[in-house]
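Chains as they are written, first to last, in the numbering used here: chain A, 27 to 364; chain B, 2 to 286.
Encoded as structure tokens, the structure appears first; notes follow it.
See the structure below:
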């Protein structure tokens with residue numbers, strides 16, 4: 027195990043290094059001068075020169091890359107050109123909101139997707155199976171921004187069942203101020219026993235979380251179905267059938283646990299994808315997360331901020347991948363030998 | 002590993018419908034219809050001139066009717082005509098992305114798989130780096146750098162798409178390379194590039210082709226998302242994501258402007274997914 031651990035960690039570090047270089051390269055290609063964006067259109071030549079000096083834009087590229095890496099490792103992710111705050115602080119504020127949204131979506135995806143996958147496997151080749159397969163394919167084919175607009179129009183603007191936008195009712199900040207622990211509003215409200223904000227957040231969460239949940243619910247249902255069908259064709263399932271267990275019992279009591287292993291790894295990998303998919307949904311529901319921050323940064327060609335978001339999500343993906351591999355290596359020695 | 006045959010297998014129509022081949026056929030038929038609609042757009046669109054920059058201010062935002070089945074948009078263009086022309090944009094992007102990233106990924110993958118050793122390691126690590134960026138994210142970053150256009154969308158998505166094919170091809174090519182006929186070719190003195198192209202490559206293609214048809218839907222969705230964010234196609238190009246973006250503020254009052262382009266994206270992505278699923282299930286039997 028230690029050898030596997032070291033090799034896998036080494037690979038991950040290598041990939042993160044590559045991700046940093048690639049991010050740096052993209053940011054150097056951005057049209058427009060970051061110094062101009064920072065100093066403003068009416069800046070004098072001296073002010074521009076000072077801004078160029080400040081961002082080290084006159085240095086040769088390898089030096090700039092070296093400084094970039096050094097600053098990153100020192101915790102300095104640069105200063106956003108549009109919020110004028112350290113990018114790291116901005117990200118620490120926006121990321122928990124995205125985490126809250128995607129976390130809720132993934133919970134919905136598991137709660138909906140696994141039972142549907144079980145039902146499809148139980149009635150393989152019959153009507154429930156066909157229904158689940160077609161609807162899961164529909165779920166992964168739906169354009170999220172369009173689904174977000176549709177649900178918002180029908181259930182928020184139209185029927186008024188849910189709030190139209192935002193994370194919670196802002197007027198509650200006066201009547202029952204939230205004490206921060208994790209920066210994740212729903213969790214903080216729960217810890218602090220702040221019921222008004224908790225209920226308000228949950229009702230704001232429903233629609234955007236449902237939209238983001240569509241894709242992972244579809245893949246979870248498909249994966250659960252496939253893994254269960256494979257598992258229930260193994261020898262142990264034949265023995266269980268011979269012992270008189272019914273088909274449903276074979277699936278839920280014996281086949282389900284081993285079948286959930288690939289499903290849970292899948293969820294970790296879908297996580298980073300859902301964060302990015304969430305960008306589009308956040309834009310529609312005005313959710314104060316990474317997506318809104320990214321959209322603002324793109325609009326104002328805010329290079330350090332765009333680089334920060336890109337880097338954060340890519341690193342999240344590498345970490346999720348690593349976690350999956352390590353956990354699987356821990357439970358299954360065969361993985362380590364690969 | 003096949004499932005044990007069910008004891009009393011009744012061949013009801015539903016069971017046959019759920020069968021693998023039917024699924025692939027259904028997907029293929031749906032996709033063929035969409036391709037046909039795209040090809041014939043100038044002839045079957047009721048108002049072909051509305052596929053471009055025509056405006057009819059007096060006919061703005063008419064609800065669906067006999068004259069305009071899908072209604073008209075903000076400047077009076079027929080939504081049905083624009084949806085039909087939009088199929089050309091979306092399919093063009095999908096074909097271009099899949100062709101470029103498929104060729105690049107397969108070539109790199111087959112070299113990595115055949116060569117093995119450090120060559121494989123280097124190619125796979127570079128692949129890993131690109132895989133670390135979710136497609137939409139890297140496309141977003143690239144689309145900011147390049148000027149918004151359909152070409153930008155194609156380039157941005159292709160850059161994020163090839164690693165999947167490289168990784169898939171590498172693993173298949175590695176196992177193909179251990180087979181007897183490759184050894185024989187090597188013994189006969191066939192040069193390595195020729196072995197790769199003539200023997201390893203053709204025998205490693207099938208899984209990639211299935212993956213390509215599964216991925217068409219993903220490309221369509223990503224491209225629509227980029228255009229929706231204003232980083233892709235722009236007026237007057239008929240593009241579904243762009244049509245949704247332009248009409249989104251009108252959703253509550255004039256639902257048809259947003260609903261039909263969105264349904265078109267959904268249907269096209271669905272067709273690709275059904276076809277790909279059907280092919281995959283058939284291959285893994």
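We put the CB at the ideal spot given by N, CA and C, even for glycine.
For the alpha helix (DSSP H) assignment, the uninterrupted runs of no fewer than 4 residues enclosed by the segment 39-77 of chain B are, from N- to C-terminal side, 42-45. Judged by DSSP in its simplified three-state form, residue 28(A) adopts helix.
Within chain A, the residues 172, 175, 176, 179 have their CB atoms less than 9 Å from the CB of residue 259(B), given in chain order. Each of 197(B), 224(B), 168(B), 56(B) was checked against the Cα of residue 94(B), and the nearest Cα belongs to 224(B). In the pairwise beta carbon analysis, the segment 283-292 of chain A is classified as not touching the segment 106-122 of chain B: fewer than three pairs are separated by under 8 Å.
Neighbours of residue 278(B) in chain A, taken as residues at a C-beta separation under 7 Å, are given in chain order as 163. Close CB contacts of residue 302(A) within its chain, under the 7 Å cut and outside five residues either way in sequence, are with 339 (chain order).
With a threshold of 8 Å between beta carbons, residue 326(A) makes no contact with chain B.
Counted as a single uninterrupted DSSP element, the alpha helix (DSSP H) harbouring residue 71(A) occupies residues 71-81.
In the pairwise beta carbon analysis, the segment 123-130 of chain B is classified as not touching the segment 175-189 of chain B: fewer than three pairs are separated by under 8 Å. Between residue 336(A) and chain B, the shortest Cβ-Cβ separation is below 8 Å. Pairing residue 72(B) with residue 80(B) gives a Cβ-Cβ distance under 8 Å. In the DSSP annotation of this structure, the continuous segment of the alpha helix (DSSP H) that includes residue 86(B) starts and ends at 80-116.
Cβ-Cβ separation between residue 172(B) and residue 114(B): approximately 7 Å, consistent with a contact (criterion under 8 Å). Taking 7 Å as the cut-off between beta carbons, the residues of the segment 223-250 of chain B near chain A are 225, 226, 229, 245, 249, in sequence order.
For residue 44(A), the nearest beta carbon of chain B is closer than 8 Å to its own beta carbon. Inclusion of residue 191(A) and residue 237(A) in the CB contact set at 8 Å is not warranted, their separation being larger than that value. For the segment 130-147 of chain B, residues whose beta-carbon sits nearer than 9 Å to a beta-carbon of chain A comprise 130, 131, 132, 133, 134, 135, 136, 137, 138, 139, 141, 142, 143, 144, 145, 146, 147. Note that the C-beta distance between residue 242(A) and residue 147(A) is not below 8 Å. Counting C-beta atoms within 10 angstroms of its own C-beta, residue 343(A) has 16 or more neighbours from the protein chains shown and is therefore classed as buried. In the DSSP assignment, residue 97(A) falls within the unbroken alpha helix (DSSP H) covering 87-99. Chain order gives the chain B residues near residue 166(A) as 274, where near means a beta carbon separation below 7 Å. Contact between residue 255(A) and residue 150(A) holds, with the beta-carbon distance rounding to 6 Å and staying under 8 Å. If you check the CB distance, residue 281(B) and residue 211(B) come in under 8 Å. Take the alpha-carbon of residue 329(A) and the one of residue 233(B): they are about 19 Å apart. Linking residue 42(A) to residue 216(B) through their CA atoms gives a straight-line distance of about 26 Å.
At least 8 Å separates the beta-carbon of residue 310(A) from that of residue 136(A). With respect to the 8 Å criterion, residue 205(B) and residue 162(B) are not classified as neighbours on the basis of their beta carbons. From the beta-carbon of residue 253(B), the residues of chain A found nearer than 9 Å are 179, 183, 184.
If you ignore the 5 residues before and after residue 357(A), its C-beta comes within less than 7 Å of no other C-beta in its own chain. Counting the other CB atoms within 10 Å of its CB gives residue 46(A) a total of 16 or more, which places it among the buried residues. Taking a contact to require three or more Cβ pairs closer than 8 Å, the segment 240-249 of chain B and the segment 150-159 of chain A do not qualify as touching. Taking every protein chain shown into account, the CB of residue 111(A) has fewer than 16 other CB atoms within 10 angstroms, so this residue is exposed. Within the segment 225-250 of chain B, the complete alpha helix (DSSP H) runs of at least 4 residues fall at 241-248. Under the 8 Å criterion on CB atoms, residue 117(B) is classed as non-interfacial with respect to chain A. Neighbours of residue 266(B) in chain A, taken as residues at a C-beta separation under 9 Å, are given in chain order as 167, 168, 169, 172.
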